[in-house]
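Student: The structure that follows is given in the form of structure tokens.
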Amino acid sequence: MDTAADDTVTDGSDGARAARADGPRDRPWAAWPPRLPDRARPYLAPLLLYGVTKLTGLGVFAALLTYAGDFREKNPRFGGGAHWWDVLATWDGWWYLQVAEHGYHPSLVRLDSEGLFTVQQNSVAFFPLYPALIRMVSESTGLGLYGSGILVSVVSSFVAAAGIYAVISLLAGARAGTIAAGLWAVAPGAGVEWAVYSESLFVAVAAWTCYAVMTRRWVTAGLLAFTAGLNRPTSAVLIGAVGLAALVTLARPESRREHGIRGPVYAMLVAPVGLLGYIAWVGWSTGEATAYFTLQREGWAHFFDYGAYTLDVLRNLAVGRGDYPFAFSTPDLLSLQLVLALPFLIALMLRRRPPLVLVAYTLASIITVLGTQQMFGNTMRYLLPAFPLLLAPAAALARQKLPTLAVFFTTAAVASGWYAHYVIFELGVP
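For the sequence shown, position 406 (counting from the first letter as 1) is numbered 484 according to our numbering, and the numbering increases by one without interruption.
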């Protein structure tokens, strides 16, 4: 009996294996939907939360734009257009599309004027990585430059959300990482994440650079920091954070023995090459070594003033005045609330003892933003890369139950269509 039973089971197993082997060839639909790789599965929840939340905010933004209709009367370069989605490619977006289409024509043209603007604005103020990707996508897919710019931003935003999840989940768990990705979708200034702006691309590179340092992948960290240097001038804070983390690693005998010397040294040497190389190229092309900084200061009125402009704005807002350059009441008040929340957010972040690279990157980002003269209403956008500030709020929300989180993100997603999108594009200058 035992033999017969064994034979029966054996024959059945062989037949089942044969059927399974033949099945996929006879029924190709049996393999759909495709199975996600094991390493990709943890990212499904944060990316889904990010995408749904972001799409909701964009829908509210579109409804508000259509209801107001003001964009139809504005210059297509300055917040206007024939359709609501045209607004997403105005202001800085216009400059990026110009670079993608025509390339650079470096020059410093002095204006016969006094005041904030004494040099003609030039496209070399916008770093090359993002417009280069727009051009590459356009030529490889056949999409127009506008569609390619939106595609690069949207894809980059999901890569950024995945990077934020990876970093936060290492420190506070997968649930907190998922929530952090959702919080980044509704953060003040998040409206540029799906616009022709370079923030999403920068945060994608920055988040994965920090993750590479945290996991001691020094060669990857160095290459990513190099790439960030071709995207935005604020990459200097990321490059500095990578360099500081590498120096500390080299200074400790135990970490030197564990991680070696070559990796940290390589990261320190390679990280700044992209940023320094582009600034040097601008200087060489214009014949003035400091041309990039001159253009920023005299063409866009952006320069580091140790916080004098920010202090002036805070004093004026405290007494209800607008006697300062680039005053936009609604964006400025929202940015003021964010600035007032910064000490609290910083303290909560430091309380969780994050790695040095995150602390250095976040604090340097905040100092750079608040210490620079630029449009105060854009503080929301300028602080968007400071994603480690989401660590403590995400960890706190991770303790909430699903219904509470659903109500929170639904409310925040709808509200973000106004405060994170409409305010910066229509009530200010992003």
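Just so you know, even glycine gets a beta-carbon here, dropped at the ideal spot from N, CA and C.
This structure is a prediction, so every number in the text was calculated from the model and none was measured.
1. In this structure, how does DSSP classify Gln452 when only helix, strand and coil are distinguished?
2. Is the separation between the beta-carbon of Ile317 and that of Leu353 shorter than 8 Å?
3. For Phe280, I'd like the list of residues in its chain whose CB is within less than 8 Å of its CB, leaving aside the five on either flank, ordered along the chain.
4. Using the beta-carbon count (16 or more within 10 Å), is Pro106 buried or exposed?
5. Please work out which residues of its chain come closer than 7 Å, Cβ to Cβ, to Leu322, disregarding the five sequence neighbours upstream and downstream, and give them in chain order.
6. Under a Cβ-count criterion, where at least 16 other Cβ atoms within 10 Å of its own Cβ denotes burial, should Tyr121 be classed as buried or exposed?
7. For Trp296 and Pro350, what's the separation of their Cα atoms in angstroms?
8. Mapping the DSSP letters down to three states, classify Val197 as helix, strand or coil.
9. Relative to the alpha-carbon of Trp362, which residue among Ala244, His183, Val320, Ala141 has its alpha-carbon at the smallest distance?
10. Please tell me whether Tyr497 and Leu412 are closer than 8 Å, where the distance is taken between their beta carbons.
11. Expressed to the nearest angstrom, what Euclidean distance is found between the alpha-carbon atoms of Asp116 and Pro124?
12. Please list, in chain order, all residues of the same chain as Phe404 whose beta carbon is under 6 Å from its beta carbon, the five residues on each side excluded.
13. Pick from Phe382, Thr364, Tyr289: whose alpha carbon is nearest that of Thr446?
14. Do Ala250 and Ala484 have their C-beta atoms within less than 8 Å of each other?
15. Enumerate in chain order the residues of its own chain whose CB-to-CB distance from Phe465 is below 7 Å, with the five nearest sequence positions on each side excluded.
16. What is the DSSP secondary structure of Arg188, counted as helix, strand or coil?
17. If you follow the alpha helix (DSSP H) that Gly341 is in, where does it begin and where does it stop?
18. Just reading off the alpha helix (DSSP H) that Leu426 is part of, what are its end residues?
19. Between Leu194 and Ala379, which are expected to be in contact by the criterion C-beta below 8 Å, what is the C-beta distance as a whole number of angstroms?
20. Please state the DSSP three-state secondary structure of Phe382.
21. Please state whether DSSP places Trp496 in a helix, a strand or coil.
22. Identify, in the order they occur along the chain, each residue of the same chain with its Cβ nearer than 8 Å to the Cβ of Trp272, setting aside the five sequence neighbours on each side.
23. Quick one: residues in its chain with C-beta nearer than 8 Å to the C-beta of Ile424, no 5 flanking neighbours on either side, listed in chain order?
Tutor: Well, looking at it:
1. coil
2. yes
3. Ala306, Asn309, Arg310, Thr312, Ser313, Pro463
4. With a pLDDT of only 49 at Pro106, under 50, the local geometry of the prediction cannot be trusted, and no value is derived from it.
5. Leu434, Ala438
6. buried
7. 14 Å
8. strand
9. His183
10. yes
11. 15 Å
12. Met453
13. Phe382
14. no
15. Ile242, Trp262, Val281, Ala285
16. strand
17. 340–348
18. 407–429
19. 4 Å
20. strand
21. helix
22. Lys132, Leu136, Leu166, Ile228, Ser231, Val232, Ser235, Ser278
23. Thr440, Leu441, Ile444, Leu467
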